[in-house]
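What follows is a single structure, written as structure tokens, with notes after it.
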Amino acid sequence: MSQPLQAPHKPPFWTIARRDAAAGYVFIAPQLIGIITFVLVPLGLVFWYSLHEWNVLASSFNFVGAANYQMLLADPNLSQVLLASAIFSAGLVVLNMTLALLLAVLLDQKLRGIVVFRTLFFSPVVVSLVAWTIVWSFLLQNNGGINGLLSMLGIEGPNWLRTPTTAMISVIVVQVFKNVGLNMILFLAALQGVPKELYEAARVDGAGAFKQFRRITLPLISPTILLTSIITIVGSLQVFAQIAVLTQGGPGMTTTVLVYYLYQQAFQFHFFGYGSTLSILLFVIVAVLTFVQWQLRKRVVFYEN
Amino acid sequence: MKTDLSPRMKTALYGLMCVLLIPFVFPTWWMITSSVKPISDIFAFPPDLWPRRFDFSTYAQVFELQPFARQYWNSAYIAALVTGGTMVISSMAGYAFARIKFPFSNAIFMVVLLGLLIPSEVTIVPLFQMFLGWGMINTHWPLILVPIFGAPSVFATFVMRQFFIALPTELEEAARVDGLGRFKIFWTIALPLAKPALGAVAIFTFLHSWNLYLEPIVFLSSTQMFTLPQALTQFTDAYGGAMWNIQLAAATMTAIPVLLVFIVAQKQFVEGLAHTGLKG
């Protein structure tokens, strides 16, 4: 851009600060335009769609106001879907965080070859998700490897993915082993950031290992625990591929979580309006959970850097 | 906590870790070894940890039953573009939010952060309609554009911003005194220093793209266009039953390259991802 010559006493329009600000806008422009185009506009659209009765097969698109929301409240499947989502998320988060913390503490020990163990525990994270799920669906079949191992112990295992009580447990466990390595690494990094002098001092005061863990380790890594729990819960609400490959939402609807139900309504049954209403429900749940967790931060997190 | 452990304690720890490792390592091992077993041996009992007979014909069948090479290429080039694109977009945006003063930068950052709050599943219906309107259904555009510019890249921007905030300012200030412009400073000074964060961004972006499943099955309809996760579930016989040995061979081919890269660059992976642990 050219600049007109100014009288010497007037500062030039194109100052360094302004040029800098312009550079800032140029730098963020792609991201901002992307967020507006692929997140904010679609979010507005999904709300607009949710006010319509829209069946793609019948090519109907009629404004119906809150009718989809009334339908949502009256949907006989909704309680089952929300229950399945809640069980999945709760089970996943509890198992994932506990196991991740346990593994991180184990892998924080000074032992020969510990790096090899870290690598092996982390390895499922880099195995392609659907490949991992396919192997487990193979192992969990009625005549698959898991029941084979059980029968060696004289136990007759259930048909894991076809029995209502065990299907959900199986999906959760498969997912935990796949991704717990991520949280494990984040916890390990946090553990290694805890000053060792604190443990020395505690030992002098006669605190045992468990007390040290409760009084020193947990408070000091609580920011990491909170962040990973948010990421894990939000991630758990997005589970789809595992359900699609392992159970297709069955048996019955016991593993039909919200995203899977949304997919069925919109892309299998072609009810785009109702699918959009379910999307709004998902959005509200994610937003509320995130908000609650951020509020919890003030009460639960003892230490923030 | 970590002082010299007694030998008995050490043995106990090793034993515990080995038992805990089984569900982490066995499935992958089972996948690889079963993929070279004849179908009759896959269900042999007790399971063979090492194949009794080798049968590599399943690997050929994978390519006969589906355009698997093409699908492989689809996944690979999409992941490469998404990874490269995200690194460019998120490092620029992250740098600007961390280091450049411009009006409304905090407000704009909040708007961008909304992307973290809105899972892409929420917007899948309108995205489908938008790409339908642009004639991009059954093309790879949705799988490239949305991850690079949309919600998935926001986490990357956040990580880059955290990294740039922590960089010392002296180097940049010296460069400014020398009269370097913003882009030069970013490109020649800040970006080379940001390699660890860029590595982390590259790793999780690649894994995210490589694993995408809902988006491909919504946006793609012809086998030629399929990506690997989608293709893996297509190896079924006329009755819809899974062709296990072929599926496992295809799954092995999908998993092995990333697994090999991980084993070679294990340290970078772990440190890179620990880096996104959002300290500071």
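Chains as they are written, first to last, in the numbering used here: chain A, 149 to 453; chain B, 13 to 292. Just so it is clear, CB atoms sit at the ideal spot from N, CA and C, and this is done for glycine as well.
CB Asn-216 of chain A to CB Tyr-422 of chain A, shorter than 7 Å?
Indexing the first sequence from 1 puts residue 216 of chain A at position 68. Indexing the first sequence from 1 puts residue 422 of chain A at position 274. Contact check for Asn-216 of chain A against Tyr-422 of chain A passes: the beta carbons are separated by less than 7 Å.
Closest to Gln-242 of chain B by C-alpha separation, out of B:Leu-210, B:Thr-217, B:Ser-87, would be which residue?
The residue labelled residue 242 of chain B in the question sits at position 230 within the second sequence. The residue with the shortest Cα to Cα distance from Gln-242 of chain B is B:Ser-87.
Measuring alpha carbon to alpha carbon, tell me which of A:Ala-222, A:Val-194, A:Leu-259, A:Ala-252 ends up nearest Ala-24 of chain B.
Translated into positions along the second sequence, residue 24 of chain B becomes position 12. It is A:Leu-259 whose Cα lies nearest to the Cα of Ala-24 of chain B.
Can you give the Cα-Cα distance for Leu-180 of chain A and Phe-121 of chain B, rounded to whole angstroms?
Stepping through the first sequence from its first residue, residue 180 of chain A is reached at position 32. Stepping through the second sequence from its first residue, residue 121 of chain B is reached at position 109. Whole-angstrom Cα-Cα distance: 9 Å.
So what's Ala-165 of chain A in DSSP terms, helix, strand or just coil?
For the purposes of this step, residue 165 of chain A is taken as residue 17 along the first sequence, with counting starting at 1. It is helical.
Nearest-angstrom Cα separation, counted from Phe-114 of chain B out to Phe-161 of chain A:
Stepping through the first sequence from its first residue, residue 161 of chain A is reached at position 13. Stepping through the second sequence from its first residue, residue 114 of chain B is reached at position 102. Separation of Phe-161 of chain A and Phe-114 of chain B (C-alpha to C-alpha, rounded to the nearest whole angstrom) is 16 Å.
Can you pull the DSSP bridge partners for Asn-203 of chain A?
Counted from its first residue, the first sequence places residue 203 of chain A at position 55. According to the DSSP secondary-structure assignment, Asn-203 of chain A is paired through a beta bridge with A:Ser-208, A:Phe-419.
Run down chain A in chain order and give the residues with a C-beta less than 7 Å from the C-beta of Gly-96 of chain B.
Here residue 96 of chain B refers to the residue found at position 84 of the second sequence. The CB of Gly-96 of chain B never comes closer than 7 Å to any CB in chain A; the least such distance is about 13 Å.
Comparing the C-beta of Pro-138 of chain B with each C-beta of chain A, is any distance below 7 Å?
Start at 1 with the first residue of the second sequence, and residue 138 of chain B comes out as number 126. Interface residue, yes.
Which first and last residues belong to the alpha helix (DSSP H) in which Leu-28 of chain B is found?
Position 16 of the second sequence holds residue 28 of chain B. For Leu-28 of chain B, the enclosing alpha helix (DSSP H) stretches over residues 19-46.
What does Leu-120 of chain A reach in chain B if we use C-beta pairs closer than 9 Å?
Nothing about residue 120 of chain A can be reported from this structure: the residues present for chain A run from 149 to 453 only.
Along chain A, which residues have their Cβ under 7 Å away from the Cβ of Val-171 of chain B?
In the second sequence, counting from the first residue as 1, residue 171 of chain B sits at position 159. Against chain A, a Cβ distance below 7 Å from Val-171 of chain B picks out nothing, because the smallest value is about 12 Å.
Nearest to Ala-286 of chain B (by Cα), restricted to the options A:Arg-447, A:Ile-381, A:Leu-346, A:Ala-337
Counted from its first residue, the second sequence places residue 286 of chain B at position 274. Of the listed residues, the one whose Cα sits closest to Ala-286 of chain B is A:Ala-337.
Nearest to Gln-340 of chain A (by Cα), restricted to the options A:Phe-325, A:Thr-365, A:Gly-354:
As a first step, residue 340 of chain A must be located in the first sequence, where it is residue number 192. Looking at the Cα atoms, A:Thr-365 is the closest of the given residues.
At 7 Å on the CB atoms, spell out the chain A contacts of Lys-22 of chain B, in chain order.
Translated into the one-based positions of the second sequence, residue 22 of chain B becomes position 10. Those are Leu-259, listed as they occur along chain A.
Between the C-alpha atoms of Tyr-173 of chain A and Trp-146 of chain B, what's the straight-line distance to the nearest angstrom?
One-based indexing of the first sequence puts residue 173 of chain A at position 25. One-based indexing of the second sequence puts residue 146 of chain B at position 134. The straight-line gap from Cα to Cα measures roughly 27 Å.
Specify, as a first and last residue, the run of the alpha helix (DSSP H) that Ile-364 of chain A falls within.
Looking up residue 364 of chain A in the first sequence gives position 216. Where Ile-364 of chain A is concerned, there is no enclosing alpha helix (DSSP H), given that its DSSP letter is neither H nor E.
Starting from the C-beta of Gly-292 of chain A, find all residues in its chain whose C-beta is less than 7 Å away, skip the five residues before and the five after it, and write them out in chain order.
For the purposes of this step, residue 292 of chain A is identified with residue 144 of the first sequence, where counting begins at 1. Within the same chain, Gly-292 of chain A has close Cβ partners Phe-286.
Cβ atoms of Val-187 of chain A and Asn-244 of chain A: under 7 Å apart, would you say?
The count along the first sequence starts at 1 and reaches residue 244 of chain A at position 96. The count along the first sequence starts at 1 and reaches residue 187 of chain A at position 39. No, these two residues do not count as a Cβ contact at 7 Å.
One question on the structure: do His-220 of chain B and Pro-269 of chain B come within less than 7 Å of each other, judged by their Cβ atoms?
The sequence position of residue 220 of chain B within the second sequence is 208, counting from 1. The sequence position of residue 269 of chain B within the second sequence is 257, counting from 1. No, these two residues do not count as a Cβ contact at 7 Å.
Residues near Leu-125 of chain B in its chain [Cβ-Cβ closer than 8 Å; skip 5 each side]
As a position in the second sequence, residue 125 of chain B is number 113, starting the count at 1. Closer than 8 Å at the Cβ level, and outside the excluded window around Leu-125 of chain B, lie Val-166, Phe-170.
CB Thr-217 of chain B to CB Thr-135 of chain B, shorter than 7 Å?
Position 205 of the second sequence, counted from the first residue, corresponds to residue 217 of chain B. Position 123 of the second sequence, counted from the first residue, corresponds to residue 135 of chain B. No, Cβ-Cβ distance for Thr-217 of chain B and Thr-135 of chain B is not below 7 Å.
From Gln-456 of chain A to Ala-435 of chain A, what does the alpha carbon distance come to, in whole angstroms?
One cannot answer for residue 456 of chain A here, as it falls past the ends of chain A, which runs 149 to 453.
Within 7 Å of any Cβ in chain A, is that where the Cβ of Trp-41 of chain B sits?
In the second sequence, residue 41 of chain B corresponds to position 29, counting from 1. No, because no Cβ of chain A sits closer than 7 Å to the Cβ of Trp-41 of chain B.
Distance between beta carbons of Ile-378 of chain A and Gly-127 of chain B, contact taken as under 8 Å
Against the second sequence, residue 127 of chain B aligns to sequence position 115. Against the first sequence, residue 378 of chain A aligns to sequence position 230. Not quite, the Cβ-Cβ distance comes to about 15 Å (not below 8 Å), so this is no contact.
Since Gln-259 of chain B and Phe-247 of chain B are thought to touch, with beta carbons under 8 Å apart, how far apart are those beta carbons, to the nearest angstrom?
Stepping through the second sequence from its first residue, residue 259 of chain B is reached at position 247. Stepping through the second sequence from its first residue, residue 247 of chain B is reached at position 235. Contact between Gln-259 of chain B and Phe-247 of chain B holds: CB atoms are separated by about 4 Å, below the 8 Å threshold.
Looking at the structure shown, is Thr-425 of chain A part of a helix, part of a strand, or coil, going by DSSP?
Walking along the first sequence from the start, residue 425 of chain A turns up at place 277. Residue state, collapsed to three classes: helix.
Would you please verify whether the beta carbon of Ala-168 of chain B is less than 7 Å from any beta carbon of chain A?
As a working note, residue 168 of chain B is residue 156 in the second sequence. Not an interface residue.
With distances taken Cα to Cα, identify the nearest neighbour of Met-12 of chain B among A:Ile-282, A:Tyr-409, A:Thr-185.
One cannot answer for residue 12 of chain B here, as it falls past the ends of chain B, which runs 13 to 292.
Taking DSSP's pairing of strands, which residues face Ala-72 of chain B in a bridge?
Working through the second sequence from its first residue, we reach residue 72 of chain B at position 60. Ala-72 of chain B has no beta-bridge partner at all, per DSSP.
Would Leu-191 of chain A pass as an interface residue toward chain B - the criterion being a Cβ-Cβ separation below 7 Å?
Taking the first sequence and counting its residues from 1, the one referred to as residue 191 of chain A is at position 43. Using a CB distance cut-off of 7 Å, Leu-191 of chain A counts as an interface residue toward chain B.
Determine, for Ser-370 of chain A, whether the minimum Cβ-Cβ distance to residues of chain B falls below 7 Å.
For this step, residue 370 of chain A is matched to residue 222 along the first sequence. For Ser-370 of chain A, the nearest beta carbon of chain B is not closer than 7 Å to its own beta carbon.
Write down every uninterrupted run of the beta strand (DSSP E) in the region 187-271 of chain A whose length is 3 residues or greater and which is fully enclosed by it, in chain order.
Counting whole runs of 3 or more residues, the region 187-271 of chain A contains the beta strand (DSSP E) stretches 200-203, 208-211.
Residues of chain A with a CB under 7 Å from the CB of Trp-62 of chain B: which are they?
As a first step, residue 62 of chain B is located in the second sequence; it is residue number 50 there, counting from the start. Neighbours of Trp-62 of chain B on chain A: none; closest Cβ ~15 Å, over 7 Å.
Within 10 Å of its beta-carbon, does Lys-14 of chain B have 16 or more other beta-carbons around it, so buried, or fewer, so exposed?
The residue given as residue 14 of chain B occupies position 2 in the second sequence. With a pLDDT of 47 at Lys-14 of chain B, under the threshold of 50, the modelled position of this residue cannot be trusted; read the value that follows with caution. Answer is exposed; the Cβ neighbour count stays below 16.
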